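Comments concern the structure below.
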Amino acid sequence: MKPPALTVDGPATQHVVNLQGEWTLKGLEGRLETLRAALRSPAVQGAPRWNLEGIDRIDTLGAIVLWRAWGERLPTALDAGERTRDMLGAVAVLESRRRASAPRKSLAELLVALGGLAMSGVRQVSDMLVLIGQLVFDVAQSVRHPRDAPLREISANLFKTGVMALPITALVGFLIGVVLSYLSALQLKTFGADVFIVNILGLGIIRELGPVLVAVLVAGRSGSAMTAQLGVMRVTEEIDALVTMGVPRSLRLILPKVIALVAAMPLLVLWTSAAALLGGMVSASIQLDLSYAFFIEKLPEVVPIGNLYIGLAKGLAFGLVIALVACHFGLSVKPNTESLSSNTTRSVVAAITCVILVDAVFAIATRNIGLPG
0 MKPPALTVDG
10 PATQHVVNLQ
20 GEWTLKGLEG
30 RLETLRAALR
40 SPAVQGAPRW
50 NLEGIDRIDT
60 LGAIVLWRAW
70 GERLPTALDA
80 GERTRDMLGA
90 VAVLESRRRA
100 SAPRKSLAEL
110 LVALGGLAMS
120 GVRQVSDMLV
130 LIGQLVFDVA
140 QSVRHPRDAP
150 LREISANLFK
160 TGVMALPITA
170 LVGFLIGVVL
180 SYLSALQLKT
190 FGADVFIVNI
200 LGLGIIRELG
210 PVLVAVLVAG
220 RSGSAMTAQL
230 GVMRVTEEID
240 ALVTMGVPRS
250 LRLILPKVIA
260 LVAAMPLLVL
270 WTSAAALLGG
280 MVSASIQLDL
290 SYAFFIEKLP
300 EVVPIGNLYI
310 GLAKGLAFGL
320 VIALVACHFG
330 LSVKPNTESL
340 SSNTTRSVVA
350 AITCVILVDA
360 VFAIATRNIG
370 LPG
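Just so it is clear: in the sequence shown, position 248 is 247 by numbering that gives the first Met the number 0, and no numbers are missing.
This is the structure:
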């Protein structure tokens, strides 16, 4: 088998590119990139005449390489055998069909797609408002008729979303406290301001990091579980069965989840913030030789109590947002497994995004509250 080769003959203005050998899949193996580089060279690109008579065999790959090197059009002067011309013609037809079938969206189609996204967003907001309104009615009914209140469901959800989340939140909070304290200590040592690590850890964890950290963990853990549970009930038509039996789905399925998460989140924020401060205190003791007694005594002096209230209020708001988003996407699941998986993922992403937005609102609204004077 003669390997594929390329030579350029003739004067500068009348170059003739001569191709020889087997321009096939087997022949081009190991030589494809070299030949492509040669075909892109200025001398070859500017050649007015191509001689393909020396090609022994050519297949689809060889023809595609030449066709694309020519800019998807035949050279002005081409000498080639009948089989080579047939192969080049077939590739030209296939490439033209490929370009024709490539989707090209017009401005109108882009506007239609943009309008569809806008309408989808409006529907999402509308469904969320309906869900919130129904929850308000359910709360009013539970207050007027305490016997109808879903106390068992609330207790079960409180255990799953609150008690079961204690280990992971404590572990992550402790490690975050260690990391934050370690990084802060490296900078404070430079300026001899070791004692200010209490200010950094206390204010950062209690006011900001603790609530946001818990919200992200709960959104990924409990939020996804809520969406998946409601989604599976939609797929198996259990929710339709409850409605048929006269059981209000929002009172028995949605309200317990929302109340449980709203009640659990402030406690989880307090728990995680304490674990993070403990980790920071341990790290500060090792890195800066600050005693535990000094850390505990200094903390309430440098961090006003208002920061704790802000952190707990954030926990309430984050819990409400995560529960509403999780239940909304769970009820939006269509009766197929693909919708279940996609809605679960969207639920977590949307919940974390909403948490960040709410946190930004809190930061603006409380910018003059709880800061040390």
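Just so it is clear, CB atoms sit at the ideal spot from N, CA and C, and this is done for glycine as well.
Owing to the predicted nature of the structure, the values given are computational and were not obtained by experimental measurement.
Cα-Cα separation between residue i and residue j, rounded to whole angstroms
i	j	result
Leu252	Ser223	15 Å
Ala164	Phe328	22 Å
Lys256	Asn342	18 Å
Ser95	Ala62	14 Å
Arg35	Val64	7 Å
Pro371	Val302	7 Å
Leu51	Thr83	8 Å
Trp66	Val124	52 Å
Glu108	Gly114	10 Å
Ile304	Lys297	13 Å
Gly203	Ile355	16 Å
For residue i, the three-state DSSP class (helix, strand or coil)
i	result
Gly20	strand
Asp85	helix
Asp358	helix
Arg366	coil
Ile54	strand
Trp270	helix
Trp66	helix
Arg220	helix
Asp78	strand
Thr193	Sequence check: residue 193 is Asp here, not Thr. Helix.
Ala4	strand
Val121	helix
Val15	strand
Buried versus exposed, by CB contacts within 10 Å (16 or more), residue i
i	result
Leu254	buried
Leu27	buried
Thr168	buried
Asn335	exposed
From the options, residue whose alpha carbon lies closest to that of residue i
i	options	result
Ala325	Gly45, Gly209, Met163, Ala218	Ala218
Asp137	Ile258, Gly279, Lys333, Asp8	Ile258
Trp22	Pro3, Arg30, Leu31, Val16	Pro3
Met264	Gly279, Ser282, Leu157, Thr235	Leu157
Ala76	Arg48, Arg30, Ala192	Arg48
Thr59	Thr33, Lys25, Ala117	Lys25
Ser338	Val234, Ala312, Ala292	Val234
Chain C within 8 Å of residue i, Cβ atoms only
i	result
Gly176	Although the question refers to chain C, the structure presented lacks it and comprises just one protein chain.
At least 3 beta-carbon pairs within less than 8 Å: the region 308-327 vs the region 214-223: yes
The region 137-157 / the region 240-254 touching (three or more Cβ pairs under 8 Å): yes
Contact the region 348-360 vs the region 280-295: 3+ CB pairs below 8 Å: no
Meets three-Cβ-pair contact criterion under 8 Å: the region 170-190 and the region 237-246: no
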